[in-house]
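Enquirer:
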Amino acid sequence: MSISPARAVGWTIICSSLSLFSSLIIFELSITLSLILVILISTMSIKVITRFIILSAPFLIPLLLIHGVINPQFEQTSLFFLMPIRNDGILFAVSTYANISVFLALAINWWHVDRDNMIDWLIARKIPSIFICLIAQSAAMIPLIERRGFSVLRSQNARGIPTGPNLFHRIKAIPSIILPVITSLMNEADHRSYTLWSRGFGQSQFSGVQLPLGQRSDFFYIISVLILPLTVLHMIDLL
Amino acid sequence: MDPKYQKQLIFISVCIALNIGLGKVSNLLSLPFTMDTIGTILSAALLPWPLVITVGALSSIIASMVIHPAFLFYIGTQIVIGLVASILVKSQLFKTIPKSIISGLIIGIASAVVSAPVTAIVFGGVSVPGLTALNVLFLASGKSLWTSVISGSLIVESIDKVAASIVSCLAIKRLSGNNQ
Chain L
1 MSISPARAVG WTIICSSLSL FSSLIIFELS ITLSLILVIL ISTMSIKVIT
51 RFIILSAPFL IPLLLIHGVI NPQFEQTSLF FLMPIRNDGI LFAVSTYANI
101 SVFLALAINW WHVDRDNMID WLIARKIPSI FICLIAQSAA MIPLIERRGF
151 SVLRSQNARG IPTGPNLFHR IKAIPSIILP VITSLMNEAD HRSYTLWSRG
201 FGQSQFSGVQ LPLGQRSDFF YIISVLILPL TVLHMIDLL
Chain X
240 MDPKYQKQLI FISVCIALNI GLGKVSNLLS LPFTMDTIGT ILSAALLPWP
290 LVITVGALSS IIASMVIHPA FLFYIGTQIV IGLVASILVK SQLFKTIPKS
340 IISGLIIGIA SAVVSAPVTA IVFGGVSVPG LTALNVLFLA SGKSLWTSVI
390 SGSLIVESID KVAASIVSCL AIKRLSGNNQ
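Protein chains in written order, with the numbering used here: chain L, 1 to 239; chain X, 240 to 419.
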């Protein structure tokens, strides 16, 4: 089950606006929990919760440790097994985490949008095909680089070139692994360009997929473009 | 579309994919560097500066979609790296390895200056594990959050960007050798 792009835009607007106009910790955490619950119901996948925990735990634990225990800018309020506890620091850590968590929940919301639906949706909204092609091409090439990097690593190992286990060997092996990946990809760029040309890319005006366009979702789209930068400014305390 | 522009379009895609893919390959090798700016530095050698900015910006956007959403906040860092690298390429500072070390240090300083405020304000000093550990070390020694994050970023980014610049310099040499 996936989320439709229009719905993802809708949730982005609602959650960004709510978090924009309030910086109460409880309120922001409630927005996060509600959004996670909505995604959970929409996708019927328990992975949503696991994803949220995997993404947010690396922030919560270090934040509590840095500001609640170590940061000398906050006054020490008590001791716990010789460990200084700073209440203001804990409050600051939770507040920062609440801000981050809304953003992470929104990101998970977008991760559940089906890729093909998203591309059709963007084309239907007259987003230039060059922009869509750039994103799709780059995303498609990432696994190729990983696979190629892994196969070059195995080939170099087979040739007896040390690629580990100590740090010196690993650093010394960087050029012998990364350079072949870069040069092969750059050389392939020529062929990819000819392939695109032979498939007719950019040779005529692309009309796009004709999807029914609701005025409301376009309105949501425009508003989200305006609200997202405001949310980022709010997060960095400039608003 | 002009075949020249079509080729540039493919180069942009390759450079974006290199930024993200090589970051993952360096994880595979358990390297202490992230190598996530090689694509941007290479694009500075191959493309005009507005397209280098596009490479930087799109790298952050796509990385936020495929790796971690936090990458979106570092979009400014990638753009600045692209601009600085374009200037350095024009000044012939990627011709030799010693010169590329100097370029790496310059890019590292620029990158630290732009990314430190994001790490300090948005993420409260939390970043990749190595940098977070350094920040904690500086904080424990009595420094303020801002000083700790800037000091930590300067150390990590300088090492990372020098490594990326050396690899980029070698790649540029190899690619120009292939084209001759």
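We put the beta carbon where it would ideally sit given N, CA and C, even for glycine.
In chain order, which continuous runs of the beta strand (DSSP E) of length 3 or greater are located wholly inside the region 79-151 of chain L?
Expert: The qualifying runs are 83-85.
Enquirer: What do you reckon, are the CB atoms on residue 291 of chain X and residue 279 of chain X nearer than 8 angstroms?
Expert: Yes.
Enquirer: Please give me, in chain order, every unbroken run of the beta strand (DSSP E) with length at least 3 that falls completely inside the region 13-84 of chain L.
Expert: The qualifying runs are 78-80.
Enquirer: Starting from residue 241 of chain L, find everything on chain X with Cβ-Cβ shorter than 7 angstroms and list it in chain order.
Expert: The first residue shown for chain L is 1 and the last is 239, placing residue 241 of chain L beyond what the model contains.
Enquirer: Could you spell out where the alpha helix (DSSP H) holding residue 320 of chain X opens and where it closes?
Expert: Looking at the DSSP string, the run of the alpha helix (DSSP H) that includes residue 320 of chain X is 314-329.
Enquirer: Could you tell me which chain X residues have their CB closer than 7 angstroms to the CB of residue 67 of chain L, listed as they occur along the chain?
Expert: Under the 7 angstroms cutoff, chain X gives 363.
Enquirer: Around the Cβ of residue 135 of chain L, are there at least 16 other Cβ atoms within 10 angstroms (buried) or fewer (exposed)?
Expert: It counts as buried.
Enquirer: Taking all protein chains shown into account, do 16 or more other C-beta atoms lie within 10 angstroms of the C-beta of residue 57 of chain L, making it buried, or fewer, making it exposed?
Expert: With fewer than 16 Cβ atoms within 10 Å of its Cβ, residue 57 of chain L is classed as exposed.
Enquirer: With DSSP collapsed to three states, give me the class of residue 346 of chain X.
Expert: Of the three classes helix, strand and coil, the one that applies to residue 346 of chain X here is helix, per DSSP.
Enquirer: Of all Cβ atoms in chain X, is any one closer than 8 angstroms to the Cβ of residue 59 of chain L?
Expert: For residue 59 of chain L, the answer is yes, since a Cβ of chain X falls inside 8 angstroms of its Cβ.
Enquirer: Does the region 248-259 of chain X come close enough to the region 166-186 of chain L that 3 or more CB-CB pairs lie under 8 angstroms?
Expert: Output reads yes: the region 248-259 of chain X touches the region 166-186 of chain L.
Enquirer: When burial is assigned at 16 or more other CB atoms within 10 Å of the CB, is residue 313 of chain X buried or exposed?
Expert: Flag for residue 313 of chain X reads buried.
Enquirer: Hey, quick one: how far does the alpha helix (DSSP H) through residue 159 of chain L stretch, first residue to last?
Expert: From DSSP, residue 159 of chain L is part of no alpha helix (DSSP H); its letter is neither H nor E.
Enquirer: If you draw a straight line from the alpha carbon of residue 162 of chain L to that of residue 67 of chain L, how long is it in whole angstroms?
Expert: Near 42 angstroms, if we compare the C-alpha coordinates of residue 67 of chain L and residue 162 of chain L.
Enquirer: Going by the beta-carbon positions, is the gap between residue 319 of chain L and residue 109 of chain L smaller than 8 angstroms?
Expert: The displayed coordinates of chain L run from 1 to 239. Any statement about residue 319 of chain L would go beyond what the structure contains.
Enquirer: Contact check, residue 283 of chain X vs residue 309 of chain X under 8 angstroms by CB: the rounded distance?
Expert: With a Cβ gap of about 24 angstroms, residue 283 of chain X and residue 309 of chain X do not count as contacting.
Enquirer: Straight-line CA distance for residue 127 of chain L to residue 347 of chain X?
Expert: If you take the alpha carbons of residue 127 of chain L and residue 347 of chain X, they lie about 35 angstroms apart.
Enquirer: Please name the residue or residues paired with residue 289 of chain L in a DSSP beta bridge.
Expert: Beyond the ends of chain L as shown, which are 1 and 239, falls residue 289 of chain L; an answer cannot be given.
Enquirer: Report the option in L/143, L/192, L/54, L/111 whose CA atom is closest to the CA atom of residue 39 of chain L.
Expert: Among L/143, L/192, L/54, L/111, the Cα nearest to that of residue 39 of chain L is on L/111.
Enquirer: Please report how far the alpha carbon of residue 139 of chain L lies from the alpha carbon of residue 301 of chain X, in whole angstroms.
Expert: Distance between the alpha carbons of residue 139 of chain L and residue 301 of chain X is about 7 angstroms.
Enquirer: Output, in chain order, the set of chain L residues within a Cβ distance shorter than 7 angstroms of residue 324 of chain X.
Expert: By Cβ distance, chain L contributes nothing, its closest Cβ being about 15 angstroms from residue 324 of chain X, past 7 angstroms.
Enquirer: May I have the straight-line CA-CA distance separating residue 199 of chain L from residue 133 of chain L, to the nearest angstrom?
Expert: In a straight line, the C-alpha of residue 199 of chain L is about 13 angstroms away from that of residue 133 of chain L.
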